[in-house]
Amino acid sequence: SLAYLHRFPIDELKIDRSFIVGAIEHPDSTAIINGIVGLARNLGLRTVAEGVETEAQRQIVSRAGCDAMQGYLFSRPVPPDQLADAIGHRCAL
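Its first residue numbered 246, the sequence shown is counted upward by one per residue in my numbering.
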């Protein structure tokens, strides 16, 4: 519910995977992605797209101006003890 945008102290909006998956076949999904990114920007929030699995999806989300993406295009889930190696950095977990 959009009402939560005023009730909770949030700093980012996550774009649901269902919109990302449908963006290739359904222009309405792309319009919703663009709308979410625009809303977030106007509220001073970051956006994260979940479920990005293909290069075509990445391009759509990137063109929309999304701040961050996650999904199988970038990596399968990684156990915490292997995270530093997976991202190529040493970090304390």
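We put the CB at the ideal spot given by N, CA and C, even for glycine.
- When the five nearest sequence neighbours on each side are left out, the beta carbons in the same chain lying within less than 6 Å of the beta carbon of residue 295 are those of 259, 262 and 315, in order along the chain.
- Note that the C-beta distance between residue 299 and residue 318 is below 8 Å.
- In the structure shown, residue 270 adopts coil according to DSSP, grouped into three states.
- Residue environment for residue 302: buried (at least 16 other C-beta atoms within 10 angstroms of its C-beta).
- Annotation for residue 306: the continuous alpha helix (DSSP H) segment containing it runs 300–309.
- DSSP, read as helix, strand or coil, puts residue 293 in strand.
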